[in-house]
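In order, the protein sequence lines correspond to chains S and F.
The first sequence begins at 367 in our numbering and counts up one residue at a time.
The second sequence begins at 367 in our numbering and counts up one residue at a time.
Note that the Cβ used here is the ideal one computed from N, Cα and C, for glycine as well.
Note that the coordinates shown come from a computational prediction; the quantities given were computed from them, not determined experimentally.
Accompanying notes for the structure given below.
2 protein chains.
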Amino acid sequence: MGQPRYQRRKEDRPQEITEAAFAAFAEKGFTATKVEEVARRAGVSKGLLYLYFKTKEELFKAVIRSVVTPRVDELTRTLERSELGAEAFIRGPLLAFMQRLPGSPASVVVRLMISEAPKHPDLVEYYWQNVASRGLGALRQLLDRGVANGEFRRSAVNDLPQLFLAPVMMSIVWGIVFADRSLDTDKLIETQADMILAYIKA
Amino acid sequence: MGQPRYQRRKEDRPQEITEAAFAAFAEKGFTATKVEEVARRAGVSKGLLYLYFKTKEELFKAVIRSVVTPRVDELTRTLERSELGAEAFIRGPLLAFMQRLPGSPASVVVRLMISEAPKHPDLVEYYWQNVASRGLGALRQLLDRGVANGEFRRSAVNDLPQLFLAPVMMSIVWGIVFADRSLDTDKLIETQADMILAYIKA
DNA sequence: ATAATTAATGACCAATGGGTCAGCAAGCTT
DNA sequence: AAGCTTGCTGACCCATTGGTCATTAATTAT
């Protein structure tokens with residue numbers, strides 16, 4: 367009956383801890399989350415956590431990276447695979463992708479970035495390199511492609527792909543602040559796409 | 367030479383403390399700001415601060431209210447005074463107002479709300495009643511007026527005045543996270559106004 | 001089996017910071 | 001000028017929590 371009191375699972379621990387931390391941060395934010403709480407959720411002692419992550423901040427960075435990386439990969443894959451025209455791509459996969467963001471972990475990342483960015487310049491740099499600049503670059507490329515093949519005219523939008531993301535950001539922030547008060551985020555994002563397309567169509 | 371070590375200025379203290387707190391919160395955020403730091407900035411002892419504000423949270427709420435109230439008043443006044451047509455109002459005073467927001471204290475308030483909203487439901491309620499719902503209501507009214515007098519057609523925008531604010535929010539968040547990396551927020555907001563107007567014009 | 005290795009524990013430490021309060025002194029009253 | 005009220009101070013308290021480390025026990029090697 368000697369149930370061992372724990373198992374040694376060196377391989378799995380980091381991810382388990384990271385996932386537990388994400389869940390905790392999502393609920394309470396970074397500062398308000400106690401390291402011990404993360405450990406408890408991961409079914410692990412606080413001491414072990416500090417064996418895998420030097421400080422609470424290191425853990426935080428690892429969490430952001432772990433959430434962000436797969437999502438960016440998803441986006442770039444979608445972009446590369448597709449052979450749709452620019453407008454069709456925007457109305458199809460891009461719209462779907464953007465509409466999923468407000469309800470996804472991305473939303474938590476945004477909240478954490480806004481709260482903690484000023485204290486973590488290296489994390490901002492990472493986020494810029496791996497998410498923002500790549501995403502915006504892809505959008506710019508898409509718009510330029512549309513111009514090149516005559517679908518779109520060249521306009522201010524070419525230099526401001528942030529216009530696509532503005533209603534996504536609005537939806538995310540709305541969700542954080544006014545959790546309950548409903549807003550039709552799908553409609554918001556879709557209408558923006560409609561407007562932009564009407565505005566830039568050749 | 368008996369310089370008095372302090373003066374009694376019961377009337378001015380609350381505002382002085384509130385202003386010092388705003389400056390401190392703007393730099394470090396709510397949690398990272400120590401009450402003692404606020405007191406120091408206000409040129410006051412920590413004990414006195416607690417004479418005027420029961421807790422750190424009460425101070426926080428007072429700060430938000432003090433920043434938000436005058437700004438809302440400014441907006442509503444502008445709206446009421448103006449006798450411009452809907453489009454002219456949007457391209458004129460409304461655009462100017464929105465373009466000022468990202469560089470204004472409003473930006474700090476947004477950051478604080480995003481970070482602290484989950485812990486301060488009553489503050490969210492206050493913000494909703496006094497800022498969000500009034501601002502959105504005014505925009506809705508403006509759009510309806512435009513429809514009524516034949517300037518605009520009725521469209522999805524009538525139910526989603528958040529579309530106007532989306533690039534403002536984007537600019538604010540951008541400024542918080544990527545402080546240095548520049549974004550032409552004026553252009554972003556102006557282009558959005560152009561797009562919306564093109565989209566809804568009768 | 002026995003020894004060696006190291007994943008894992010949890011009691012503990014030290015610093016931080018919100019909040020208190022006994023006492024001091026500015027400035028008013030008489 | 002003496003006394004009184006109260007705005008104001010700053011030393012202090014103590015709960016919280018990030019981080020450490022001596023110890024334990026699961027696993028592997030011999």
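What's the call for Glu449 (chain S), buried or exposed, on a 16-neighbour Cβ count within 10 Å? exposed
DSSP on Phe530 (chain S), reduced to helix/strand/coil? helix
Under 9 Å, CB to CB, which of the residues in the stretch 513–537 of chain S have a partner in chain F? Ser521, Ala522, Val523, Asp525, Leu526, Gln528, Leu529, Leu531, Ala532, Pro533, Val534, Met535, Met536, Ser537
Distance check for Lys420 (chain S) and Arg506 (chain S), CA to CA, integer angstroms please. 39 Å
Could you give the DSSP three-state label for Phe518 (chain F): helix, strand or coil? strand
Residues that Val433 (chain F) contacts on chain S, provided the C-beta gap is smaller than 9 Å: Under the 9 Å cutoff, chain S gives no residues; its nearest Cβ is about 16 Å from Val433 (chain F).
Would you call the stretch 403–416 of chain F and the stretch 552–568 of chain S in contact, with 3 or more CB pairs under 8 Å? no
Residues of chain F with CB closer than 7 Å to the CB of Met561 (chain S), please, in chain order. Met561, Ile562, Tyr565
Mind checking which residues open and close the alpha helix (DSSP H) that includes Phe388 (chain S)? 379–394
Simplified DSSP assignment, three categories, for Lys567 (chain F): When DSSP states are grouped into helix, strand and coil, Lys567 (chain F) belongs to the strand group.
When the cut-off is 8 Å and only beta carbons count, does Arg477 (chain F) lie next to chain S? Yes, contact with chain S.
Mapping the DSSP letters down to three states, classify Ala398 (chain F) as helix, strand or coil. coil
Residues of its chain near Ser481 (chain F), where Cβ-Cβ distance is below 8 Å and the 5 sequence neighbours each way are ignored: Gly395, Phe396, Thr397
DSSP on Thr421 (chain S), reduced to helix/strand/coil? Coil at Thr421 (chain S), not helix or strand.
Coil, strand or helix - Lys376 (chain S) by DSSP: coil
Host alpha helix (DSSP H) of Ile480 (chain F) (start-end): 471–482
For Glu382 (chain S), which of S:Ala405, S:Glu440, S:Gln373 has the nearest alpha-carbon? S:Ala405
Own chain, CB closer than 7 Å to Phe455 (chain S), minus 5 neighbours either side, in chain order: Ser448, Leu508
Meets three-Cβ-pair contact criterion under 8 Å: the stretch 518–538 of chain F and the stretch 369–381 of chain F: no
I want to verify the contact list: residues of chain S whose CB lies under 7 Å from the CB of Val483 (chain F), in sequence order. Here residue 483 (chain F) turns out to be Ala, not Val, going by the sequence shown. Those are Ile542, Val543, listed as they occur along chain S.
What residue from F:Leu489, F:Gly413, F:Ala452, F:Glu403 has the CA that sits closest to Arg519 (chain F)'s CA? Nearest C-alpha to Arg519 (chain F): F:Ala452.
Is the beta carbon of Ile430 (chain S) sitting closer than 8 Å to the one on Leu489 (chain S)? yes
Check whether the Cβ of Lys400 (chain F) lies closer than 8 Å to any Cβ atom in chain S. No, its Cβ sits nowhere closer than 8 Å to a Cβ of chain S.
Cα-Cα separation between Glu403 (chain F) and Ala387 (chain F), rounded to whole angstroms: 9 Å
Any residues in the stretch 373–393 of chain S with a beta carbon nearer than 7 Å to a beta carbon of chain F? Which ones, in chain order? none
So, are the CB atoms of Val401 (chain S) and Leu415 (chain S) less than 8 Å apart? yes
Specify the secondary structure class of Ala545 (chain S) as computed by DSSP and reduced to three states. Here Ala545 (chain S) sits in coil by DSSP.
Can you name, in chain order, every residue of its own chain whose Cβ lies under 8 Å from the Cβ of Val475 (chain S), other than the five neighbours on each side? Excluding residues within five positions, the ones whose Cβ falls inside 8 Å are Ile430, Val433, Val434.
Per-residue DSSP class, three states only, for Gly503 (chain S): helix
Considering Arg466 (chain F), what are the terminal residues of the alpha helix (DSSP H) in which it resides? Arg466 (chain F) -> alpha helix (DSSP H) spans 461–466.
Using a Cβ-Cβ distance under 8 Å, would Lys422 (chain F) count as near chain S? It does not: the Cβ of Lys422 (chain F) has no partner Cβ on chain S nearer than 8 Å.
So Gln528 (chain F) and Leu549 (chain S) are in contact, right, with Cβ under 8 Å, and what is the actual spacing, rounded? Their Cβ separation, rounded to whole angstroms, is 7 Å, which keeps Gln528 (chain F) and Leu549 (chain S) in contact under 8 Å.
Is Gly409 (chain F) helix, strand or coil by DSSP? coil
Please report whether the beta-carbon of Thr557 (chain F) lies at a distance below 8 Å from any beta-carbon of chain S. Interface residue, yes.
DSSP three-state label for Glu449 (chain S), please. Here Glu449 (chain S) sits in coil by DSSP.
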